[in-house]
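Below: one structure, written as structure tokens.
Dropping the structure here:
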């Protein structure tokens, strides 16, 4: 059923994603974010019991109706109440929610520490809002480009505009980007972090700044203007003075005089609520009074007329009547005696009061009463009501004050209780600290005793181990001495016997060499060398020698007779020839006149001298072209064109690779055995020479040893060493067995060694003494146990001299390479340069190496003495070793590059072909003692690794006039070179496309193919390119498209005549205020300065301008230049945005990668540290 749900979900999501462009949807909507936050909260709270896919299926795919068990329990259904509401959402909203949820869960390990960092900086110890912050960090960093502010204002108001503005400001902080990069590198690879995390985050900066401005404007619009602050005051009811009621003695009457624990906050209200109510009561009372007056006028018009007249007379005198409050009568408590007289008096009083009321009523009915009395009565009634309300208000106020006093008293008592409790806690804490200190002291004492015991045990075990080693060494020395004596005796006996055999064999061979019979019988003992004679005994050799001598005597007699007869015939022929010659001379003298012949005088003139000089120049040019034509890949003078341009694609000529060999090892072993006397390599330090026969013998012995260790086809053999005579032995042995060769850098650190070890997991490691310890330490850390072989005597390893001993000579002679059925199998794993991250393993198949060796335009070193300084770790060294062996040339082994040492080697060994990296070429061109050496033997200087600018190449041509300076372009991923310069190529170019290679230039953003003289990314194909990165299909997919084109990441262009120029690396472009800066332009300009040895331009972060260019420079010895001079040089020759706003930093030596390139990764780290400081 789950499978069915998955199919339904995939089908539905594919259909919906096809209809809607999710990337253009505004995700800042409440119907998207609120469900997303709730879903993420449930998913992370449930402990991630489901995968994200299953979780989305459960939420959004409608299940088919079926009977469910009443005990069916679902943890998600328990946590998510609105599950049914999610399924009823529109499909477009569901798509957006699913897309956001999958991305947030994918990066949750990266987003969570960033969100926690934000909450910590906000001094928020409550992480309840952590999931909401995670969602907003993601959408603000990677989905803000789809924001429509006017449509999203409700979302921001719901989630508090002020909080969103704070989060946006945090993301725009420059330190946040560094934190992004740091946390990303801890979880993902650095390439992924830069491409997928940092680049989109930096692109979102401009949108975040715009959002910040909009939020600030919205807050200004919605903010209520502050009114003048007022302090609380007592109300003056009815605008008249009233007697203040007395309050309890502990509370002051004036609140402003009270001393509160905190200052009384000021209020923004215009009027108190009670005063507002009183105003409304006043208005109502006035309306009632006016209604009464209107009723009085209607009922008693005469009285109304008199009242109007009276009002006119009173108004000028007094505008407002003053109402005087009557004081209430006070009665003393009197004891009244009930008598008849008192009763009569009381009755008379009551009757008089009633009569007065009756008179008033009669007067009122007759209209004789003044209307002001009515108003006075109404006013008194209103006053009494107001007084009652005031009394109630004052009563409430007093009750509030009493409550406040009670609260103060309760607070004081609570504080006292807290102080007492705090004192008790403090005492308990002190007691616990004392106990903890006592426990710590006792624990430290116990641990000290344990450590001392461990040290004693370790010391005793070390002494026992050393004693055991000494005993073993002593026994081994005794056994070695005995075996040495026995071996010496055995060797002496064998030498004596061999010497006698050799003398006999030499005699036999000498006799055989004297034989000259036209027909010989078949003899199985005869061969080009000693043959099977070495297997014969001395008696057999003596018998054969006697038989050969007897036969030689017979042949000598017959030969003497033949020689005598031939001499007689030749004598007769000489006599006849002399006679014929004499007759010819006599006839010639008779026909010629007898006058003496005059000798011609040489003719000289300026025109003839000029022609002779021009003839000599033409002869020198022809000789130079003949030297260049010896290299097939640079043969520009053939009739057949080297390349063609079709549909903006540069295509090299097709060169067939027909071979009977299926593996490189078999081809090389056949070449070595067919040319045993060729000198393969010469050590410049010791002067030792190594022939092809010796190389083949040692390589086969090494292969036999590796076979015993279980090394076969597909196993990985690692070599980590400098250049020496034995470094080539395991390289060839692994190829003979069909194993994979994997060179390492012998100057690697422990981190790089661990990366190599975990990636390739070699079966055998051959290392020099410098790298053996690092490799063993890395293997120990990674719990890996390869077989270690050292080029020397390193403790814990097997020496290479030991593994080459003990092999039968017949086994060596009869050895044959393992068959490789599939030529697409990997032969080499070379590591990339690692300029931007950890090196990746590049897999080169067997067919790539066979194509490189056997195609007709490959580098032909047969007529040269080649020299290079790179180790096997470089792709150039690995391929040139194979080429030199196949070309039967003598390779000159040299130590590390140094200008003086290089000149001495070229002069001493008459080197004719040399390869230097770009950095080495710049240093070599600026060597001030170059003219002190005789370098006329050097015919070709090859440079590569990075782009060599025009000034440096012209300087090399000037310094070495007899040398052809050539530059090429290639990559480890392409299996070598894809373009090379010709003799007439422009300086600074990378030449034209090689055979079996194709090159095109595409737009890096759109992928559109570009034409001539248009900058774009260089893409290439070749017959020698890699099959992919080892155990890294994601990186392979990123660099190679579906059509097989490899995207180099280099910016360049080609001219109308097909010459290729490299501008810069795509990832090294510097962005300044939206404009792109190419570092190579600045570097070429600075490189032209005579005091600059090496230069590299990288970016330094800037808070407002994005990035600034900064130049790192190393100076030429004995020459000086200031930073101001170089900055002024750039400012006066280039556009404004190319100025070195980051400055110039001088370094004694620029850092380089293990492949010899300038390490821009380390320079960027230095630039970032400078930006922080």
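In full-length UniProt numbering, the protein residues as written are 1 to 1173. Think of the CB as a built atom: it goes at the ideal place given N, C-alpha and C, for glycine as much as any other residue. Keep in mind that this is a model prediction, so the values were computed, not measured.
{"Check": "Neighbour-count burial assignment, residue 1017, 16 or more Cβ in a 10 Å radius", "Outcome": "buried"}
{"Check": "6 Å Cβ shell around residue 999 - same chain, five flanking residues per side excluded", "Outcome": "650, 993 and 1020"}
{"Check": "Separation of residue 995 from residue 987, as counted between CA atoms", "Outcome": "21 Å"}
{"Check": "Same chain, Cβ closer than 8 Å to residue 725, five either side skipped, listed in chain order", "Outcome": "681, 683, 688, 690 and 893"}
{"Check": "Extent of the continuous alpha helix (DSSP H) run through residue 31", "Outcome": "30-45"}
{"Check": "Residue 685 - DSSP class collapsed to helix/strand/coil", "Outcome": "coil"}
{"Check": "Whole-angstrom distance between residue 1078 and residue 1039, CA atom to CA atom", "Outcome": "22 Å"}
{"Check": "Beta-carbon proximity of residue 1027 to residue 839, cut-off 8 Å", "Outcome": "no"}
{"Check": "Under 8 Å between C-beta atoms of residue 959 and residue 983", "Outcome": "no"}
{"Check": "Those residues which DSSP pairs with residue 767 across a bridge", "Outcome": "720 and 790"}
{"Check": "Cβ contact (3+ pairs, closer than 8 Å) linking the stretch 701-709 and the stretch 871-882", "Outcome": "no"}
{"Check": "Enclosing alpha helix (DSSP H) for residue 178 [first to last residue]", "Outcome": "174-187"}
{"Check": "Touch test, the stretch 1056-1070 against the stretch 1126-1133, Cβ-Cβ under 8 Å, three pairs minimum", "Outcome": "no"}
{"Check": "Residue of 972, 904 and 502 minimising C-alpha distance to residue 879", "Outcome": "972"}
{"Check": "Validate contact between the stretch 28-37 and the stretch 146-158 using beta carbons, cut 8 Å, 3 pairs", "Outcome": "yes"}
{"Check": "Cβ neighbour criterion (16 or more within 10 Å) applied to residue 913", "Outcome": "buried"}
{"Check": "Alpha carbon of residue 168 to alpha carbon of residue 1112, nearest angstrom", "Outcome": "35 Å"}
{"Check": "Residue 1148 burial status per 10 Å Cβ neighbour count (16 or more: buried)", "Outcome": "exposed"}
{"Check": "Cut-off 7 Å between Cβ atoms - residues of its own chain near residue 285, not counting five sequence neighbours on either side", "Outcome": "382"}
{"Check": "Residue 1107 and residue 1071 closer than 8 Å at C-beta", "Outcome": "yes"}
{"Check": "Spatial neighbours of residue 997 in its chain, beta-carbon cut-off 6 Å, leaving aside the 5 residues before and after", "Outcome": "652, 978 and 1022"}
{"Check": "Residue 746, DSSP secondary structure in three states", "Outcome": "coil"}
{"Check": "Among 940, 917 and 934, the one whose alpha carbon lies nearest that of residue 947", "Outcome": "917"}
{"Check": "Residue from 102, 962, 818 and 131 with nearest C-alpha to residue 114", "Outcome": "131"}
{"Check": "Reduced DSSP category for residue 432 - H, G, I as helix; E, B as strand; rest coil", "Outcome": "helix"}
{"Check": "For residue 93, the first and last residue of its enclosing beta strand (DSSP E)", "Outcome": "Taken as a continuous stretch (DSSP letters only), residue 93 belongs to no beta strand (DSSP E), being part of the alpha helix (DSSP H) at 91-106."}
{"Check": "Straight-line Cα distance separating residue 817 from residue 715", "Outcome": "15 Å"}
{"Check": "Three CB pairs or more closer than 8 Å across the stretch 762-781 and the stretch 735-750", "Outcome": "yes"}
{"Check": "Residue range of the beta strand (DSSP E) that includes residue 829", "Outcome": "826-831"}
{"Check": "Distance CB(residue 133)-CB(residue 119) smaller than 8 Å", "Outcome": "yes"}
{"Check": "Cα-Cα separation between residue 346 and residue 339, rounded to whole angstroms", "Outcome": "11 Å"}
{"Check": "Residues that residue 867 bridges to, as DSSP identifies them", "Outcome": "892 and 914"}
{"Check": "Classification of residue 864 by the beta-carbon crowding that lies within 10 angstroms, buried from 16 upward", "Outcome": "buried"}
{"Check": "Reduced DSSP secondary structure (H/G/I, E/B, other) of residue 1109", "Outcome": "strand"}
{"Check": "Extent of the continuous alpha helix (DSSP H) run through residue 972", "Outcome": "It is not in any alpha helix (DSSP H) - residue 972 carries neither H nor E in the DSSP assignment."}
{"Check": "Completely contained alpha helix (DSSP H) runs for the stretch 972-1050, where each covers 4 or more residues", "Outcome": "1033-1039"}
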